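Structure first, then comments.
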Amino acid sequence: MISDTPDNKPSAERLMATATPDLESEEFPEEDEFLDCGELAKHQVKLLGFIVGPEGVRPNPDKTAAIADMKRPRSVQDVRHFLGACGFFRRHIQGFAAMVKPLTALPKKGVKFEWGDAAQLAFSALKDILVNNPVLCLPNFSQPFEVHCDASTQALGGALLQRDAEGMPHAVAYWSHTLKDAETQYAIIDLEALAVVEPVRAFDPYIYS
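Taking our numbering, the leading residue of the sequence shown gets 1, the next gets one more, and so forth.
Laid out in structure tokens, this is it:
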């Protein structure tokens with residue numbers, strides 16, 4: 001539960017107090033087996049690999065440090081392991097699908113595993129972005145959203161933005177999609193149309209809430 005100001009703490013506590021009687025009849029594990037997952041009046045909390053605070057949501061440095069320490073992949077399995085780790089944070093990385101294209105091409109059947117300059121650049125760029133803890137601002141559903149779209153012959157991308165009081169844009173979420181073989185044959189006008197439709201669909205829970 002998130003409140004925007006400390007003044008809302010009493011409201012949160014009242015809500016918890018209201019819910020407590022309904023829980024008294026429930027059976028829970030013994031105290032030493034119970035997962036302590038509730039915290040009140042915290043400036044920031046760690047949640048499922050992320051840190052949620054007043055400035056927004058960012059990857060947990062404990063998780064991204066493990067990615068930063070990864071050595072250059074020497075096999076297809078290593079590439080898949082790296083992509084899986086980075087993919088968990090793809091919502092925080094603008095143009096993720098296009099960025100990883102040199103890496104996703106390596107595990108394909110019939111493609112010899114050769115680590116070239118493009119793969120190294122993608123590998124280093126992903127690590128650099130995550131080490132710098134990219135922050136996504138928390139959505140304000142009382143304010144309008146902006147959807148920015150992009151299309152290329154390899155991938156589609158979208159960014160969900162909101163502006164602050166000074167009119168500066170801040171990212172709420174990123175979306176991207178690697179084009180399938182059939183999609184790479186689309187005309188540019190069709191790719192651009194797809195780049196509009198798909199991000200709006202992906203950001204539907206924000207836009208139409």
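Glycine included, C-beta positions come from ideal geometry on N, C-alpha and C. All values derive from a computational prediction rather than experimental measurement.
Do the CB positions of residue i and residue j come within less than 7 angstroms of each other?
i: LEU138; j: THR64; result: no
i: GLY95; j: SER176; result: yes
i: LEU103; j: ALA119; result: yes
i: ARG80; j: PRO107; result: yes
i: ALA97; j: THR178; result: yes
i: ASN60; j: GLY49; result: yes
i: ALA122; j: MET99; result: yes
Would you kindly report the start and end of the unbroken alpha helix (DSSP H) that includes residue i?
i: LYS63; result: 61-68
i: PHE50; result: Not the alpha helix (DSSP H): PHE50 falls in the beta strand (DSSP E), residues 50-53.
i: THR104; result: 101-104
i: GLY84; result: 76-87
i: TYR127; result: Residue identity differs from the one stated: residue 127 is Lys in this sequence, not Tyr. LYS127 -> alpha helix (DSSP H) spans 117-131.
i: ARG201; result: 188-202
Using CA coordinates, which residue listed in the options is at the minimum distance from residue i?
i: LYS127; options: PRO59, ALA68, LEU191; result: ALA68
i: ARG91; options: PHE203, TYR208, ILE207, VAL111; result: PHE203
i: LYS180; options: VAL57, LYS101, CYS149; result: LYS101
i: ASP190; options: ALA155, ARG74, HIS43; result: ALA155
i: ALA195; options: HIS170, GLN143, TYR174, TYR208; result: TYR174
i: ALA165; options: ASP150, SER142, VAL200; result: SER142
i: ILE188; options: GLU146, LEU161, ASP150; result: ASP150
i: ASN140; options: ARG72, VAL197, ILE207, ILE51; result: ILE207
Using the rule of at least 16 other Cβ atoms within 10 Å of the residue's Cβ for burial, across every protein chain shown, is residue i buried or exposed?
i: GLY167; result: exposed
i: LEU23; result: No answer about LEU23 holds up, because its pLDDT of 45 lies below 50 and its placement is not dependable.
i: GLY157; result: buried
i: VAL172; result: buried
i: PRO169; result: exposed
Starting from residue i, follow the beta strand (DSSP E) in both directions and report where the run begins and ends.
i: VAL172; result: 169-178
i: CYS149; result: 146-151
i: VAL45; result: 45-47
i: ARG72; result: Where ARG72 is concerned, there is no enclosing beta strand (DSSP E), given that its DSSP letter is neither H nor E.
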